[in-house]
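Here's the structure we're looking at; comments come further down.
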Amino acid sequence: MRKVVAMVGATALIVSGTILAIPSASAAPVCGTKAGIETCGGVLSNGAAYAIKIPSNFKGTVFYWNHGFRPSYPYPGYTPPKGVEELTLGNSTTKSDSTNEMLNLGYGVATYDRSTGGLHGWNTAEGVAMLKELVDTTKAKYPNATKSVIWGSSGGAPVVNMFAEKYPELTNAVGLATPVATNIGRQLQSGCDLFFIMSVFFDPTI
Numbered sequence: 002m003r004k005v006v007a008m009v010g011a012t013a014l015i016v017s018g019t020i021l022a023i024p025s026a027s028a029a030p031v032c033g034t035k036a037g038i039e040t041c042g043g044v045l046s047n048g049a050a051y052a053i054k055i056p057s058n059f060k061g062t063v064f065y066w067n068h069g070f071r072p073s074y075p076y077p078g079y080t081p082p083k084g085v086e087e088l089t090l091g092n093s094t095t096k097s098d099s100t101n102e103m104l105n106l107g108y109g110v111a112t113y114d115r116s117t118g119g120l121h122g123w124n125t126a127e128g129v130a131m132l133k134e135l136v137d138t139t140k141a142k143y144p145n146a147t148k149s150v151i152w153g154s155s156g157g158a159p160v161v162n163m164f165a166e167k168y169p170e171l172t173n174a175v176g177l178a179t180p181v182a183t184n185i186g187r188q189l190q191s192g193c194d195l196f197f198i199m200s201v202f203f204d205p206t207i
C-alpha cells in the first residue's frame with residue numbers, strides 16, 4: 002500500500018509540473034599533504050566552504066571550530082569573509098591562532114564558513130546543520146577520527162550548545178570562548194538580568 006501511495010504521489014508531482022528539490026550532499030574534499038599535514042578543503046551542500054587539517058601523528062581527536070557572529074554586509078573597516086578565515090581560537094589583532102600548536106600535539110582541526118546563501122548573521126540553526134555535515138564529512142574521510150571536540154567563540158557558542166544537545170553521540174567535549182546568546186533579543190535579556198542583579202546587590206537605583 003505504501004508503494005502505491007508513493008507512486009501516486011510521484012505521478013501527481015510529474016503531472017502538475019512540480020519539481021521536488023532534493024538537497025545535494027557535499028562533494029568529496031580535495032586534499033594535499035605538506036610537511037606532515039594533510040589539508041583538505043571543499044564546500045558543504047549549501048555552498049559554504051570548509052577546511053580540515055590532520056597531522057601525520059594524528060591521535061584520533063578532531064577539534065571542530067565555530068567562529069563568532071559576522072555581519073553579512075561591508076561597512077568602513079570591515080569586509081565580510083569569503084571562505085574559511087580561521088581554523089582555531091586566535092587573536093584577530095595579531096592574526097595568530099593555535100592551529101600549529103594543536104597539530105604538533107597530534108590533534109586534527111576542522112572548521113567551516115558559517116554562511117547561508119552567502120550571508121552570515123544569526124544563522125544558529127543553519128550552523129548546527131552545517132557543523133553536522135562537516136563532522137560527517139570528516140569522519141567519512143578519516144575513520145580513525147573517533148573523538149570530537151566541538152568548540153567556538155562569541156556567536157559560535159550557541160551553535161556548539163545546540164549541536165551538543167542534538168547530537169550527543171557526536172560530541173565528546175565542548176569548549177566555549179566568550180559565548181553570547183543566540184540572538185539580539187536574548188542578549189538584551191541577558192543584559193537586563195545583569196542590571197537586575199547589580200540593582201539587588203550593589204545599587205537599588207539602577
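Residue numbers for the sequence shown follow our numbering, beginning at 2 and rising by one. Idealized CB from N, CA, C, for every residue including glycine.
Just verifying my parser: in three-state terms, what is the DSSP assignment at residue i?
i: Pro205; result: coil
i: Lys54; result: strand
i: Phe64; result: strand
i: Ala165; result: helix
i: Ser45; result: A small fix is needed here, since residue 45 is Leu in this sequence, not Ser. In this structure, Leu45 counts as coil in the three-state DSSP scheme.
i: Gly37; result: coil
i: Ala22; result: The pLDDT assigned to Ala22 is 35, lower than 50, so where the model puts this residue is not dependable, and the model offers no usable value.
How many whole angstroms separate the CB atoms of residue i and residue j, which I take to be in contact at a CB cut-off of 8 Å?
i: Asn145; j: Gly48; result: Not confirmed; about 29 Å, so no contact.
i: Trp152; j: Val161; result: 6 Å
i: Tyr143; j: Ile38; result: About 13 Å; that fails the 8 Å criterion.
At the level of alpha carbons, what is the spacing between residue i and residue j?
i: Gly128; j: Ala28; result: 18 Å
i: Gly91; j: Pro205; result: 39 Å
i: Phe64; j: Tyr113; result: 12 Å
i: Val136; j: Lys96; result: 26 Å
i: Ala22; j: Gly118; result: Because the pLDDT of Ala22 is 35, which lies under 50, any placement of that residue in the model is unreliable, and the number read from its coordinates should be weighed accordingly. Computed Cα separation, rounded: 16 Å.
i: Thr1; j: Ala141; result: For residue 1 there is no data in the structure shown, the boundaries of the chain being 2 and 207.
i: Pro134; j: Phe203; result: The question names Pro, but residue 134 is Glu in the sequence shown. In a straight line, the C-alpha of Glu134 is about 47 Å away from that of Phe203.
i: Asp98; j: Glu87; result: 8 Å
i: Tyr51; j: Leu45; result: 7 Å
i: Asn124; j: Pro82; result: 15 Å
i: Phe164; j: Leu132; result: 8 Å
i: Leu171; j: Thr138; result: 13 Å
i: Thr80; j: Arg71; result: 10 Å
i: Pro24; j: Lys167; result: In this prediction, Pro24 scores a pLDDT of 40, lower than 50, which makes its location untrustworthy; the coordinate-derived value is nonetheless stated afterwards. Looking at the two C-alpha atoms, the distance is approximately 21 Å.
i: Val175; j: Pro169; result: 11 Å
i: Tyr76; j: Gly157; result: 22 Å
i: Lys209; j: Leu106; result: Only positions 2 to 207 of the chain appear in this structure, which leaves residue 209 out of reach.
i: Ser155; j: Cys32; result: 30 Å
i: Ala130; j: Asn173; result: 18 Å
So the candidates are the options; which of them puts its Cα closest to the Cα of residue i?
i: Ala126; options: Val136, Ala141, Arg115; result: Arg115
i: Gly69; options: Ala50, Val63, Thr89, Pro75; result: Thr89
i: Leu177; options: Pro75, Ala141, Thr100, Val150; result: Val150
i: Thr100; options: Lys142, Arg71, Tyr76, Trp66; result: Trp66
i: Ser57; options: Leu171, Met103, Glu170, Leu120; result: Met103
i: Gly109; options: Lys83, Tyr79, Leu132, Ile53; result: Ile53
i: Ser73; options: Val85, Thr147, His121, Leu171; result: His121
i: Gly42; options: Ala36, Lys35, Pro30; result: Pro30
i: Lys148; options: Thr34, Phe59, Gly33, Ala36; result: Phe59
i: Ala111; options: Pro75, Ser154, Val85; result: Val85
Any beta carbon from chain C within less than 7 Å of residue i's own beta carbon?
i: Ser57; result: The displayed structure is made up of one protein chain only, and chain C is not part of it.
Enumerated in chain order, which unbroken segments of the beta strand (DSSP E) with a length of 3 residues or greater are wholly contained in the segment 76–161? 109–113, 148–154
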